[in-house]
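Q: Protein chains in written order, with our numbering: chain A, 1 to 107; chain B, 1001 to 1724. The structure is given below, and queries will be raised subsequently.
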Amino acid sequence: MTEDRKSYEEGLRIAPQGEMTVYTAMDWKQKLMAPFALLGEIEIDLSAVEEMDSTGLQLLILVKKEASAQGRTLRLIHHSRPILEALDLCGLTDYLDASTSNHSAGA
Amino acid sequence: MNSDDVLKTFVVECQQLLLEMEDALLKIEQAPDDPDIINAIFRAAHTIKGSAGLFGLEAIVSFTHVAESVLDLVRNGQLSFTEELAALFLQVCDHVGVLVDHASNGRELSEEIDRQGNLLAVQLRRYLQSGTVDNIAVETKREEWTTKYDKPPEDTVQTDHWHLSLRFGRNLSRNGMDPLSILRYLNTIGQVTGIVPITDAIPPAAEMDPESCYLGFEIGFQSDADRKTIEGVFDFVREESSIRVLPPHSGIAEYRSLLRDMPEADEYLGKMLVRCGTLTPAELESALQEPGEEELPPASALPTSTEKIIDTATKKQETGKDTKQSDSSLIRVDAGKLDHLINLIGELIIAGAGVNLLARRAGIPELAEATGDLSSLVEDVRDSALTLRMVQIGSTFNRFQRVVRDVSKELGKDIRLEISGAETELDKTVVEKIGDPLTHLVRNSMDHGIESAEVRVARGKPARGTVSLNAYHDSGSIVIEVSDDGGGLNKEKILNKAIERGLVSEGLNLSEKEIYNLIFEPGFSTADQVSNLSGRGVGMDVVKKNIQALRGTVDLENNEGQGATVRIRLPLTLAIIDGFLIGVGSASYVVPLEMVFECIELPRNSQSTAKERNYLNLRGEVLPFVRLRELFEVDDEPVARRQNIVVVKYAGKRVGLVVDQLMGEFQTVIKPLGRVFSHLKSISGFTILGGGEVALILDVPGIVRQVVEAEVRYDDAAYAETNK
Chain A
1 MTEDRKSYEE GLRIAPQGEM TVYTAMDWKQ KLMAPFALLG EIEIDLSAVE
51 EMDSTGLQLL ILVKKEASAQ GRTLRLIHHS RPILEALDLC GLTDYLDAST
101 SNHSAGA
Chain B
1001 MNSDDVLKTF VVECQQLLLE MEDALLKIEQ APDDPDIINA IFRAAHTIKG
1051 SAGLFGLEAI VSFTHVAESV LDLVRNGQLS FTEELAALFL QVCDHVGVLV
1101 DHASNGRELS EEIDRQGNLL AVQLRRYLQS GTVDNIAVET KREEWTTKYD
1151 KPPEDTVQTD HWHLSLRFGR NLSRNGMDPL SILRYLNTIG QVTGIVPITD
1201 AIPPAAEMDP ESCYLGFEIG FQSDADRKTI EGVFDFVREE SSIRVLPPHS
1251 GIAEYRSLLR DMPEADEYLG KMLVRCGTLT PAELESALQE PGEEELPPAS
1301 ALPTSTEKII DTATKKQETG KDTKQSDSSL IRVDAGKLDH LINLIGELII
1351 AGAGVNLLAR RAGIPELAEA TGDLSSLVED VRDSALTLRM VQIGSTFNRF
1401 QRVVRDVSKE LGKDIRLEIS GAETELDKTV VEKIGDPLTH LVRNSMDHGI
1451 ESAEVRVARG KPARGTVSLN AYHDSGSIVI EVSDDGGGLN KEKILNKAIE
1501 RGLVSEGLNL SEKEIYNLIF EPGFSTADQV SNLSGRGVGM DVVKKNIQAL
1551 RGTVDLENNE GQGATVRIRL PLTLAIIDGF LIGVGSASYV VPLEMVFECI
1601 ELPRNSQSTA KERNYLNLRG EVLPFVRLRE LFEVDDEPVA RRQNIVVVKY
1651 AGKRVGLVVD QLMGEFQTVI KPLGRVFSHL KSISGFTILG GGEVALILDV
1701 PGIVRQVVEA EVRYDDAAYA ETNK
């Protein structure tokens, strides 16, 4: 699991890679919540997520909720194909900003 | 529970189910209308589909779904099992096996496999005539509904689809389940028309446990499946989660109670129900109102609720029945644990022997008696533990029904398989390793042994050839025989081929037995054509090697023109045996008790070691013997007293072992020799005696073999001498 984290501004941008499943959930929660310690717009690039199960989805919902509660801007972009599938299955496509133009073409 | 373990269990169970399915398919041709066999096939397919669904194994689910639909038609009497259909299903069975295999390794399906699957699915669908199973089911349900109620009662909702209200338990993900899999599976038995995720249960980040499951869903679901099937989707999660299944046209009261029971606010949840298309806004209003002056319960709600009760009751009955069948009296045990247990028992026996020894020396009668009881119990425990590892060879034998069937079709010969001695038990590890050699032997018999129908009839034999598998116990070994009533082995042909291949030189005078044993040489084959089954000459020597690796022997019995039998002999128990202790010089040796035939005194006139030939006249029969002193080159202690002979038997041969002392029976644990000593002839292991000394265990088959070979060589030499 790698992620980019260079300077402060870059700290607000996360691009998770690999699996977001129950096996890695603990880790991912930490990483996804980290930007909330900083100030600014948070951006999560989902193009490199290869696998996602319901725990992964929950984490995405969590960050969305937290951002909403704290009045911060959160952008979920470039949803990978596995994510799109899962969202479609659960009816979460709109809630997690995956409708049309936002996602990558066939990750 | 680790999801890897669960997957492993799934794979093992699937393989078991596929075996059962195959078994039933082989029987169905004989009895195409037997409902028990048909049900067995259906159950296997159905269970595999269900379990695969939980693991999100789409390919397996969709493939087995088609198969299941066809089987449903058979169950309803609309289709019957012709030879064609049975053959197709055997292929289906194989394909599912391949899919399960790939799933267990996490491998992607190749294009080839995909294509095969599609091909089979197309063939299966041809059996699903116009007016598919699904449509028929819908029609009957509509009929049932209208006969029950003249019209849809007013207080039911309009929607004709199901509504599923799911709130998953917190530990769902930890237990290896995934709501996504369940949703995917639902989509294979129907169509999700509307879905609203309920995420309210997710707490703020500080308290949120990422490994817990906080999700819920309200789902509008269109399906022709029956309630049992739909509810069955949630079997594995029902205990921990809240699952409500509302059939089409449920009463408003149902929804009222749903709104009440679910944790979210009624109005909020109600809006969700509208969103997923289950309720119209008007119906929602009605549901949010208190019952008020409505008769409780509304007459219309009664049918659905009593239906629910009856349904649940029948369901409980059925699951009870099912579990009873699967429970039966078997437990699955980890093989490693069993081995550990047997090791401990081995140590126990050694410790017990030590105690016994001390008790005897101490000379206290009560103590001796107590330790005697102890030993006897330990023996019982040992025997029981060893039987745990024993399985009947019948299940291995039965697999060959399929092999014989397929191969006979391939060869265009009519061959049947006869099985006897299926209850004969042997150690589990041996059973696993014996499969390949047996397969090769059976194929050989079918390919080279059994002649074509015309040749057989010309020879006055029945056109149908027979291959038989037989198993029985004999003096501490298990014997497995593969026989056929074919043409047997041709001595001439074998000898010529061997000379051709340079395995033997011309003019060498070989005994019949030696000639037959040539077929076990690497690179040997008298086949005129190499089929893809056999004839490449890589078979028989590998078979022999495999058998020897199991410490067994292979023999051939030939009846030219009538058939041949290959006889495999394997040791029965591996770890703990009853032994007979003997002394040679100052060392002790152990002979496996089951191989001891009798003990006699060595007659005086044979005691001299100057004799060249060691033979004895034992009640009119010739008994060769081996002086262990010579064999093991024991020099110490001159031989003063009388010596004894322990007569051992193996594979019908008897050999005498000349020893100094007979020390009686005793139970012992075989400890394997390290690799350094493993090539020692005549010794197959060692053990620790009660007093702590080491005793070597004699390899009786090895010694017998040596003696026999020495005999032959001597015979040949003597023959050569006299004929110079």
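We put the CB at the ideal spot given by N, CA and C, even for glycine. As the structure is a computational prediction, the values presented were derived from the model and not from experiment.
Would you call alanine 1362 (chain B) buried or exposed, if buried means 16 or more other Cβ atoms sit within 10 Å of its Cβ?
A: In the second sequence, residue 1362 (chain B) corresponds to position 362, counting from 1. Exposed is the call here.
Q: Can you name the residues of chain A whose CB is closer than 7 Å to the CB of serine 1173 (chain B)?
A: As a first step, residue 1173 (chain B) is located in the second sequence; it is residue number 173 there, counting from the start. Near serine 1173 (chain B) (Cβ distances below 7 Å), the residues of chain A are Val22, Ser54, Thr55.
Q: When the distance is taken between beta carbons, is isoleucine 1670 (chain B) closer than 9 Å to leucine 1657 (chain B)?
A: Here residue 1657 (chain B) refers to the residue found at position 657 when the second sequence is read from its first residue. Here residue 1670 (chain B) refers to the residue found at position 670 when the second sequence is read from its first residue. The answer is no: Cβ separation not under 9 Å.
Q: Closer than 9 Å, CB to CB, is isoleucine 14 (chain A) near chain B or not?
A: Counted from its first residue, the first sequence places residue 14 (chain A) at position 14. By this cut-off, isoleucine 14 (chain A) is not an interface position.
Q: Count the other CB atoms within 10 Å of the CB of threonine 1064 (chain B); is the residue buried (16 or more) or exposed (fewer)?
A: For the purposes of this step, residue 1064 (chain B) is taken as residue 64 along the second sequence, with counting starting at 1. Buried, because 16 or more other Cβ atoms sit within 10 Å of the Cβ of threonine 1064 (chain B).
Q: Spatial neighbours of leucine 1099 (chain B) within its chain, please: C-beta separation below 6 Å, excluding the five flanking residues on both sides.
A: Taking the second sequence and counting its residues from 1, the one referred to as residue 1099 (chain B) is at position 99. Counting only Cβ-Cβ distances below 6 Å, and skipping sequence neighbours, we find Ala1059, Ile1060.
Q: Among B:Leu1662, B:Gln1222, B:Ser1505, B:Ile1041, which has the Cα closest to the Cα of isoleucine 1600 (chain B)?
A: To locate residue 1600 (chain B), count along the second sequence from 1; it is residue 600. Comparing Cα positions, the closest option is B:Leu1662.
Q: Closest Cβ-Cβ distance between glutamine 58 (chain A) and chain B: below 9 Å?
A: Translated into positions along the first sequence, residue 58 (chain A) becomes position 58. Yes, glutamine 58 (chain A) lies at the interface with chain B (some Cβ there is under 9 Å from its Cβ).
Q: Counting only the same chain and skipping the five closest in sequence on each side, list residues whose C-beta sits under 6 Å from that of glutamate 43 (chain A).
A: In the first sequence, counting from the first residue as 1, residue 43 (chain A) sits at position 43. Same-chain partners within the cutoff: Arg13, Arg75.
Q: On a Cα-Cα basis, can you pick out the residue from B:Val1455, B:Asp1034, B:Asp1541 that is closest to aspartate 1414 (chain B)?
A: Sequence index remark: in the second sequence, residue 1414 (chain B) carries index 414 (1-based). Nearest C-alpha to aspartate 1414 (chain B): B:Val1455.
Q: Three or more C-beta pairs closer than 8 Å, one from the segment 73 to 87 of chain A and one from the segment 1164 to 1179 of chain B: is that the case here?
A: With the cut-off at 8 Å, the segment 73 to 87 of chain A and the segment 1164 to 1179 of chain B do not touch.
Q: Does the contact criterion of 3 or more C-beta pairs under 8 Å hold for the segment 1411 to 1430 of chain B versus the segment 1364 to 1382 of chain B?
A: Not touching, per the Cβ criterion.
Q: Of all the beta strand (DSSP E) runs that stay within the bounds of the segment 1379 to 1424 of chain B, which reach a length of 3 or more residues?
A: With a minimum length of 3 residues, the continuous beta strand (DSSP E) runs that stay inside the segment 1379 to 1424 of chain B are 1390 to 1392, 1415 to 1420.
Q: Give every residue of the same chain whose Cβ lies closer than 7 Å to the Cβ of glycine 1421 (chain B), excluding the five residues on either side of it in the sequence, and list them in chain order.
A: To locate residue 1421 (chain B), count along the second sequence from 1; it is residue 421. Answer for glycine 1421 (chain B): Asn1470, Ala1471, Tyr1472, listed in chain order.
Q: Quick one: Cα of proline 1197 (chain B) to Cα of arginine 1075 (chain B), how far?
A: Position 197 of the second sequence, counted from the first residue, corresponds to residue 1197 (chain B). Position 75 of the second sequence, counted from the first residue, corresponds to residue 1075 (chain B). Spanning the two alpha carbons is a distance of roughly 38 Å.
Q: For phenylalanine 982 (chain B), is the classification buried or exposed, using 16 other Cβ atoms within 10 angstroms of its Cβ as the cut-off for buried?
A: Here chain B has residues from 1001 to 1724 only, and residue 982 (chain B) is not among them.
Q: How would you write the range of the alpha helix (DSSP H) that proline 1035 (chain B) sits in, first residue to last?
A: For the purposes of this step, residue 1035 (chain B) is identified with residue 35 of the second sequence, where counting begins at 1. 1035 to 1054 is the span of the alpha helix (DSSP H), which, as asked, contains proline 1035 (chain B).
Q: By the DSSP assignment, the beta strand (DSSP E) with glutamate 1557 (chain B) in it spans what residues?
A: Residue mapping note: residue 1557 (chain B) aligns to position 557 of the second sequence, counting from 1. Note, glutamate 1557 (chain B): beta strand (DSSP E), 1553 to 1559.
Q: What residues are listed by DSSP as bridge partners for asparagine 1617 (chain B)?
A: One-based indexing of the second sequence puts residue 1617 (chain B) at position 617. DSSP lists B:Val1622 as partners of asparagine 1617 (chain B).
Q: Identify the contact partners of glycine 91 (chain A) in chain B, using a Cβ-Cβ distance below 7 Å as the criterion.
A: Taking the first residue of the first sequence as 1, we reach residue 91 (chain A) at position 91. By Cβ distance, chain B contributes Ile1195, Val1196, Pro1197.
Q: Taking buried to mean at least 16 other C-beta atoms within 10 Å of its own C-beta, is glutamate 1022 (chain B) buried or exposed?
A: The sequence position of residue 1022 (chain B) within the second sequence is 22, counting from 1. Buried.
Q: If you run the structure through DSSP and keep just helix, strand and coil, what is glutamine 70 (chain A)?
A: Numbered from 1 along the first sequence, position 70 holds the residue referred to as residue 70 (chain A). Residue state, collapsed to three classes: helix.
Q: Assess contact between the segment 1547 to 1567 of chain B and the segment 1429 to 1438 of chain B, defined as three or more Cβ pairs (one per stretch) separated by less than 8 Å. Is contact present?
A: Yes, since at least three Cβ pairs between the segment 1547 to 1567 of chain B and the segment 1429 to 1438 of chain B fall closer than 8 Å, the two stretches touch.
Q: Cβ of asparagine 1187 (chain B) less than 9 Å from any chain A Cβ?
A: Residue 1187 (chain B) sits at position 187 when you count from the first residue of the second sequence. Judged by the 9 Å Cβ criterion, asparagine 1187 (chain B) is in contact with chain A.
Q: Verify the CB distance criterion: does isoleucine 44 (chain A) have a CB-CB separation below 9 Å to chain B?
A: Start at 1 with the first residue of the first sequence, and residue 44 (chain A) comes out as number 44. Judged by the 9 Å Cβ criterion, isoleucine 44 (chain A) is not in contact with chain B.
Q: In whole angstroms, what separates the C-alpha of aspartate 94 (chain A) from that of alanine 1086 (chain B)?
A: Here residue 94 (chain A) refers to the residue found at position 94 when the first sequence is read from its first residue. Here residue 1086 (chain B) refers to the residue found at position 86 when the second sequence is read from its first residue. For aspartate 94 (chain A) and alanine 1086 (chain B), the distance between alpha carbons rounds to 49 Å.
Q: Pull up the CB-CB distance for serine 1684 (chain B) and aspartate 1699 (chain B), whole angstroms please, since I reckon it's below 8 Å.
A: Here residue 1684 (chain B) corresponds to residue number 684 of the second sequence, with the count starting at 1. Here residue 1699 (chain B) corresponds to residue number 699 of the second sequence, with the count starting at 1. The pair is a contact, with the Cβ atoms about 4 Å apart (cut-off 8 Å).
Q: Against chain A, with Cβ distances strictly below 9 Å, would lysine 1413 (chain B) count as a contact?
A: Position 413 of the second sequence holds residue 1413 (chain B). Output row for lysine 1413 (chain B): interface = no.
Q: Just how far apart, CA to CA, sit tyrosine 1589 (chain B) and threonine 1668 (chain B)?
A: As a first step, residue 1589 (chain B) is located in the second sequence; it is residue number 589 there, counting from the start. As a first step, residue 1668 (chain B) is located in the second sequence; it is residue number 668 there, counting from the start. Looking at the two C-alpha atoms, the distance is approximately 11 Å.
Q: Can you tell me whether threonine 1439 (chain B) is helix, strand or coil according to DSSP?
A: Along the second sequence, one-based indexing puts residue 1439 (chain B) at 439. Of the three classes helix, strand and coil, the one that applies to threonine 1439 (chain B) here is helix, per DSSP.
Q: Since glycine 1194 (chain B) contacts glycine 1277 (chain B) with CB under 8 Å, what's their CB separation in whole angstroms?
A: Here the question's residue 1194 (chain B) lines up with position 194 in the second sequence. Here the question's residue 1277 (chain B) lines up with position 277 in the second sequence. Contact flag correct, Cβ pair sits at about 4 Å.
Q: Looking at the unbroken alpha helix (DSSP H) that takes in glutamine 1123 (chain B), where does it start and where does it end?
A: By one-based count along the second sequence, residue 1123 (chain B) stands at place 123. Per DSSP, glutamine 1123 (chain B) belongs to the alpha helix (DSSP H) from 1111 to 1127.
Q: Quick one: Cα of alanine 1385 (chain B) to Cα of leucine 1183 (chain B), how far?
A: Taking the second sequence and counting its residues from 1, the one referred to as residue 1385 (chain B) is at position 385. Taking the second sequence and counting its residues from 1, the one referred to as residue 1183 (chain B) is at position 183. Their Cα atoms are separated by approximately 46 Å.
Q: Can you tell me whether glycine 11 (chain A) is helix, strand or coil according to DSSP?
A: For this step, residue 11 (chain A) is matched to residue 11 along the first sequence. In the structure shown, glycine 11 (chain A) sits in a helix (DSSP, three-state: H, G or I).
Q: Of all the CB atoms in chain A, is at least one closer than 9 Å to the CB of arginine 1184 (chain B)?
A: Sequence index remark: in the second sequence, residue 1184 (chain B) carries index 184 (1-based). Judged by the 9 Å Cβ criterion, arginine 1184 (chain B) is in contact with chain A.
Q: Any idea if tyrosine 1650 (chain B) is buried or exposed, counting beta-carbon neighbours within 10 angstroms, 16 or more meaning buried?
A: What you label residue 1650 (chain B) is simply residue 650 of the second sequence in a count that begins at 1. By the neighbour-count rule (16 or more Cβ atoms within 10 Å), tyrosine 1650 (chain B) is buried.
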